[in-house]
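Q: Take this structure, written in structure tokens, and hold onto it; I'll ask about it next.
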Amino acid sequence: MYLKSILDVEAPPPGVEVDARCVPTGSSPEQLTVAGLFAGIGGLEQGFHNEGHRSVLLCDADPRARDVLALRFPRAALSEDVRALKALPACDVLTAGFPCQDLSQVGRRKGISGPNSGLIDVVLDLLAKARPGPTWLVLENVPFMLSLDGGRAIDRIVTSLEEMGFAWAYRTVDARAFGLPQRRRRVVILASRAKDPRPALLGVDAAAPKPTKRGVHACGFYWTEGNTGLGWAIDATPPLKGGSALHIPSPPAIWFPQRRLIGVPSIEDAERLQGFEAGWTHIPGEDVRQTRQRWRLVGNAVSVPFASWIARRLTADADYDGDGDPDIVAGARWPSAAWGMDGRRGLASVSEWPEVAVQQHLATFLTRSVMPLSRKATAGFLSRLEQSTLRYEEAFRLDLRHHIEMHDAADTP
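When the letters of the sequence shown are read in order and numbered with my numbering, they come out as residues 101 to 513.
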């Protein structure tokens, strides 16, 4: 078998770094209490914990996810079904990374009324009954929700919030803004009955840095694709996924051009790519065959540094002037960032990069052994790629072929 592991990955080219342009946000020693619905493995909650806040309730239907939550948040109450909650606990912040299966570009696309994503209605019903309720509501989902069915999902959510007296703002944010080498775009919706959410969510902007040239950087791609797309990411991986419809793990592959290697990251490095510590989803004493469940949980998680940024912004001293923002026209395409307050909806001209942390290079970020992509997976991907009309570097194709030949050579008696 071609290599049991790949320990030596290439170093970044000398002197290549992205300058840090972090925007000071200010902070407060105030400790907030947080209730998390659809908590998964606690990405949002760990981000808030890192900023000094405390989780009082965590709810998720997945028993494997609850095992992680029980291990990592032992003082928080656990619930297994959001539909069984009769009322929200007293809390300052309610978080809900509600299911994206029906709203994802690669999902079922049944929309906001689908059986999974439609559970957002349960959250909204709990909010409607809560008095006084949490000061802040934090929702998270995929950007495709802004365009699927003409943006029906975002319109339905913010309209419901407005009817309950909430001011709201949303923004599409890329996790790379916080230094992680994973391209992961997500929409965060922040709402409050008591405060203006715009300064917290829209009050800082750093703008995206210039695109990185490929050079000798490691590049991530989806080996399961090759017909219509690659998920190509320079010096980063594409978004980690929860797995196939059959719950088969499909971690992205990585091309290491300096060594002509095609590999996949370890589950521990996948956890780190989401901002967790390595081993976050490991349950002591668990059968090693349960590793595939860890991939699913990590792929569905919220990036921890992204959540930490939200937590910092909630206690920041900031202002936002929306007088110059254009109104959102009914029936128009929903923008990547917007707000609603005092009966008005406005378009916010902010980027997906609220700050720019020092970028960690993918090749040197990885700390565990990188396993070679199997011959079957590589050959299938290469065949699809060569038959497609996609544009790609010839060096990439040649290294895919080289990877297959190395497998063949290792298997020859």
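Ideal Cβ placement from N, Cα and C applies to all residues, glycine included.
Determine contact between the region 475–487 and the region 457–465, defined as no fewer than three beta-carbon pairs at a distance below 8 Å.
A: No: fewer than three Cβ pairs fall under 8 Å.
Q: In the structure shown, what three-state DSSP assignment does S128 receive?
A: Annotation note: pLDDT 46 at S128 (below 50); position unreliable, coordinate value reported separately. If DSSP states are grouped into helix, strand and coil, S128 belongs with coil.
Q: Restricting to Cα atoms, I'd like to know which of R413, T415, S366 is closest to S469.
A: Ranking R413, T415, S366 by Cα distance to S469 puts S366 first.
Q: Comparing C-alpha positions only, which one of R286, A267, G265 sits nearest to I275?
A: Per the sequence shown, residue 275 should be read as Ala rather than Ile. Ranking the options by Cα distance to A275, first place goes to R286.
Q: Excluding five sequence neighbours on each side, which residues of the same chain lie with their C-beta closer than 8 Å to the C-beta of G331?
A: So the qualifying residues of the chain are G320, F321, Y322, E325, P338, P339, P352.
Q: Considering only residues of the region 158–182, which uninterrupted alpha helix (DSSP H) runs meet the minimum length of 4 residues and lie entirely inside it, listed in chain order?
A: Qualifying alpha helix (DSSP H) stretches, in chain order: 163–172.
Q: Rounded to a whole number of angstroms, what is the C-alpha to C-alpha distance between F496 and L224?
A: Computed Cα separation, rounded: 48 Å.
Q: In terms of alpha-carbon separation, which member of A253, F244, L248, V258 lies closest to L237?
A: Answer by Cα proximity: V258.
Q: What residue does the alpha helix (DSSP H) around N150 start on, and which one ends it?
A: N150 -> alpha helix (DSSP H) spans 143–150.
Q: Roughly how many angstroms lie between the CA atoms of H382 and A196, to the nearest whole one?
A: Going from the Cα of H382 to the Cα of A196 covers about 23 Å.
Q: Closest to G265 by C-alpha separation, out of V458, V364, G233, would be which residue?
A: Of V458, V364, G233, the residue nearest in Cα terms is G233.
Q: Just the C-alpha distance for H507 and L473, rounded to the nearest angstrom, thanks.
A: Going by the C-alpha atoms only, they are around 10 Å apart.
Q: By DSSP, does G303 sit in helix, in strand, or in coil?
A: It is coil, neither helix nor strand.
Q: Within the continuous alpha helix (DSSP H) that includes T41, where are the two ends?
A: No information on residue 41 is available, as it lies outside the stretch 101 to 513 that the chain covers here.
Q: Would DSSP call P215 helix, strand or coil?
A: Because P215 sits at a pLDDT of 48, beneath the cut-off of 50, its placement in the model cannot be relied upon, and the following sentence gives the value as read from the coordinates. P215 falls in the coil class under three-state DSSP.
Q: At the level of alpha carbons, what is the spacing between F376 and V182?
A: Computed Cα separation, rounded: 25 Å.
Q: Is the beta carbon of A308 sitting closer than 8 Å to the one on E452?
A: Their beta carbons are under 8 Å apart, which means A308 touches E452 by this criterion.
Q: Roughly how many angstroms separate the alpha carbons of P349 and R298, rounded to a whole number?
A: Going from the Cα of P349 to the Cα of R298 covers about 38 Å.
Q: Figure out for me which residue from E455, L490, Y420 has the closest Cα to the Cα of W439.
A: The shortest C-alpha separation from W439 is found at Y420.
Q: Here's the rule I'm using: 16 or more other beta-carbon atoms within 10 Å means buried, otherwise exposed. How should A345 be labelled?
A: Unreliable placement is indicated for A345, whose pLDDT of 49 sits below 50; the coordinate value is still reported in the next sentence. Flag for A345 reads exposed.
Q: Return the first residue and the last residue of the beta strand (DSSP E) that E386 is part of.
A: Counting along the chain, E386 falls outside any beta strand (DSSP E), and DSSP gives it neither H nor E.
Q: Pick helix, strand or coil for I504, following the three-state DSSP scheme.
A: Helix, per DSSP.
Q: Would you kindly report the start and end of the unbroken alpha helix (DSSP H) that includes R285?
A: No alpha helix (DSSP H) contains R285, which is instead part of the beta strand (DSSP E) from 285–292.
Q: List the DSSP bridge partners of F356.
A: In the DSSP output, where bridge partners are listed per residue, F356 has L361.
Q: Counting C-beta neighbours from all protein chains within 10 Å, is the total for N327 16 or more, i.e. buried, or is it exposed?
A: The residue is exposed, with fewer than 16 neighbouring Cβ atoms inside 10 Å.
Q: Using only the alpha-carbon positions, how far apart do R412 and E151 sit?
A: Going by the C-alpha atoms only, they are around 7 Å apart.
Q: Skipping 5 residues on each side, what residues in its chain have a beta carbon closer than 6 Å to that of D499?
A: Counting only Cβ-Cβ distances below 6 Å, and skipping sequence neighbours, we find R360.
Q: Compare the C-alpha of H317 against each of L158, D160, Q459 and name the closest.
A: That would be Q459, whose Cα lies nearest to the Cα of H317.
Q: Classify Q374 as helix, strand or coil using the three-state DSSP reduction.
A: If DSSP states are grouped into helix, strand and coil, Q374 belongs with coil.
Q: Using the beta-carbon count (16 or more within 10 Å), is D119 buried or exposed?
A: Confidence in D119 is poor, its pLDDT being 29 and thus under 50, which makes the residue's placement unreliable; the coordinate value appears in the next sentence. When all chains shown are included, D119 counts as exposed.
Q: Where E110 and V288 are concerned, what is the direct C-alpha to C-alpha distance, given to the nearest angstrom?
A: Because E110 carries a pLDDT of 41, less than 50, the predicted location of this residue cannot be relied on, and no value is offered for it.
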